[in-house]
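Participant: Numbering (the working numbering), first residue to last: 48 to 251.
Before I ask anything, let me first share the structure, which is written out below as structure tokens.
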């Protein structure tokens, strides 16, 4: 009889072990915070250097000091022009325009004052605009350019005094610029000719 009691005890112990499982439970609580952001329309533009800029002059100057046919290594040089940067400084810009504009559209324009002798700088100064580069981008947003000499000038030299480029979106980034001076009608002088270029950014 004692043997039967032992067998029953072992069976009961085994049954209890199979049905006893640990309890599983979790407690959760959430809370929220409201967010309010007053974002006014901004338009800021500054001239600065970057790693792809020429090292001559400063970010707030445009320096012409070499005729194109005096620039070593240039293919098909043209003594009727001066460049900033030199054409031999390949893959370089002169400076960049650093822009923050958060309107639904923005427009960048330029005006030119000063003369080279009796020749207005506005008639002989042109610019190459590389487009709108967002941070880290290698391909620019071209924007919409003015029509210059009958051609849409997003990828050509543009008369700087009538330069205008529009982008229909908010934009934070840079615009690289190069410059070309035609010396047609300009007399030589030991004293540098000076003028001024003013860029205006409007964020709508």
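A virtual CB, placed ideally from N, CA and C, is assigned to each residue, including glycine.
Just to confirm before moving on: does the CB-CB distance between residue 192 and residue 136 stay below 7 Å?
Facilitator: Result no, Cβ atoms of residue 192 and residue 136 do not sit closer than 7 Å.
Participant: CA-CA distance, residue 147 and residue 99?
Facilitator: Approximately 20 Å between the Cα atoms of the pair.
Participant: Give me, in chain order, the residues of the same chain whose beta-carbon lies closer than 8 Å to that of residue 162; leave out the 5 immediate sequence neighbours on both sides.
Facilitator: Hits under 8 Å: 168, 240, 242.
Participant: Relative to the alpha-carbon of residue 221, which residue among 94, 84, 82, 75 has its alpha-carbon at the smallest distance?
Facilitator: When only C-alpha atoms are compared, the closest one is 94.
Participant: Starting from the Cα of residue 138, find the closest Cα among 156, 175, 116, 106 and give me that residue.
Facilitator: Among 156, 175, 116, 106, the Cα nearest to that of residue 138 is on 175.
Participant: Go to residue 170, then tell me how far its alpha helix (DSSP H) extends in each direction, as first and last residue.
Facilitator: Residues 168-171.
Participant: How many Å lie between residue 128 and residue 112 at the Cα?
Facilitator: Rounded to the nearest angstrom, the two C-alpha atoms are 11 Å apart.
Participant: Using the DSSP secondary-structure output, state which residues sit across from residue 226 in a beta bridge.
Facilitator: Looking at the DSSP assignment, residue 226 forms a beta bridge with 131, 174.
Participant: With residue 212 as the anchor, note down where its beta strand (DSSP E) starts and where it stops.
Facilitator: Counting along the chain, the beta strand (DSSP E) containing residue 212 begins and ends at 211-214.
Participant: With a Cβ-Cβ cutoff of 7 Å, do residue 190 and residue 223 count as a contact?
Facilitator: Contact: no.
Participant: Near residue 250, which residues of its chain fall below 7 Å by C-beta distance, leaving aside the five closest residues on each side in sequence?
Facilitator: Excluding sequence neighbours, residue 250 sits near 88, 89, 90, 148, 149, 150, 153.
Participant: Is the separation between the beta-carbon of residue 207 and that of residue 172 shorter than 7 Å?
Facilitator: In contact: residue 207 and residue 172 (Cβ atoms closer than 7 Å).
Participant: Buried or exposed, going by whether 16 or more other CB atoms sit within 10 Å of the CB of residue 117?
Facilitator: Result: exposed.
Participant: Can you tell me which residues form a DSSP beta bridge with residue 206?
Facilitator: Paired residues: 173.
Participant: Helix, strand or coil, according to DSSP, for residue 145 in the structure here?
Facilitator: Reduced to three states, the DSSP call for residue 145 is strand.
Participant: Going straight from the alpha carbon of residue 96 to that of residue 120, what length do you get?
Facilitator: Distance between the alpha carbons of residue 96 and residue 120 is about 25 Å.
Participant: Specify, as a first and last residue, the run of the beta strand (DSSP E) that residue 246 falls within.
Facilitator: First-last of the beta strand (DSSP E) with residue 246: 242-250.
Participant: What's the gap between the Cα of residue 158 and the Cα of residue 107?
Facilitator: Roughly 15 Å between the two C-alpha positions.
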